[in-house]
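Residue numbers (the UniProt record's numbering): 1 to 183. Glycine is no exception: its CB is placed at the ideal position from the N, C-alpha and C atoms. Here's the structure we're looking at; comments come further down.
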Amino acid sequence: VHGGSLQHQLQGFSCQFLGVVRVREFPAAQCAHFSLLQAALSLTAALEDFVRPEHLDGENCYKCNTCKKNVAASKRFTVHCAPKVLTVCLKRFDCFTGGKISKVVEYPEYLDLRPYMSQAEGEPLHYSLYVVLVHSGVSCHGGHYFCCTKASNGLWYQMDDESVELHCLDTALRQQAYLLFYA
């Protein structure tokens with residue numbers, strides 16, 4: 001998320017000190033590490049996974065800073081302040097080997113961010129895709145980047161180091177995207 005902020009909510013179930021929702025905002029400069037993981041088959045599924053509450057219990061309990069006990073809790077991230085430009089990173093590299101993850105992930109031309117906001121009720125927050133950044137190569141240790149860009153005339157172009165070619169929207173939507181830019 002570029003230019004907005006995320007909200008982290010933590011709510012305890014049994015501890016009197018965690019009975020209320022604690023909110024922590026992350027400014028845009030710190031949001032880069034909240035990239036979407038490659039587990040989902042689509043951007044919307046990845047966003048749904050991102051905002052889905054995670055239950056912390058059993059061996060994964062939350063340690064309360066006040067009572068110092070391990071307690072069952074729920075944590076959740078949401079988009080708190082919508083950015084002017086939504087930048088989505090689809091992690092394309094394995095964190096252990098650096099190998100390329102070439103799984104197909106669908107992403108829409110138009111996206112409504114409202115369902116993933118802290119305040120999910122209200123007018124839709126429509127975004128339109130305008131850049132798809134793609135890594136070609138087999139690992140993070142080598143390869144090449146190119147992009148598909150929507151021009152002001154509404155046409156899509158693939159831009160490489162020395163070439164610009166006209167492409168259709170379907171081509172832009174079928175790339176193994178690394179970064180997506182919506183405005």
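With the cut-off set at 8 Å, would you say residue i and residue j are in Cβ contact?
i	j	result
V164	M117	no
L173	V88	no
V134	Q175	yes
A73	Q11	yes
D112	L129	no
What number of angstroms, rounded off, separates the C-alpha of residue i from the C-alpha of residue j?
i	j	result
C61	L6	23 Å
T97	Y178	17 Å
A151	Q9	39 Å
S14	L86	37 Å
W156	V104	20 Å
residue 185	S42	There is simply no residue 185 to check, as the chain begins at 1 and stops at 183 in what is shown.
Y182	G4	13 Å
residue 198	N153	As shown, the chain starts at 1 and ends at 183. That puts residue 198 outside it, with no answer to give.
Y127	T44	13 Å
E121	H141	43 Å
H167	E123	33 Å
N70	T171	50 Å
E59	K75	15 Å
T149	A46	23 Å
Per DSSP, what kind of secondary structure is residue i in: helix, strand or coil?
i	result
L169	helix
Y157	strand
T66	coil
F50	helix
E106	strand
G122	coil
R114	helix
So residue i and residue j are supposed to be a Cβ contact under 8 Å. How far apart are they, rounded?
i	j	result
L169	E106	Not a contact, Cβ separation roughly 14 Å.
S139	F146	Between F146 and S139 the Cβ distance is about 17 Å, and since that is not below 8 Å, they are no contact.
Cβ pair count under 8 Å reaching 3, the stretch 49 to 56 against the stretch 76 to 95: The answer is yes - the stretch 76 to 95 touches the stretch 49 to 56, with three or more Cβ pairs under 8 Å.
Contact the stretch 91 to 110 vs the stretch 61 to 73: 3+ CB pairs below 8 Å: The stretch 91 to 110 vs the stretch 61 to 73: no contact.
Validate contact between the stretch 117 to 129 and the stretch 154 to 168 using beta carbons, cut 8 Å, 3 pairs: The stretch 117 to 129, when compared against the stretch 154 to 168, does not touch it at the 8 Å Cβ threshold.
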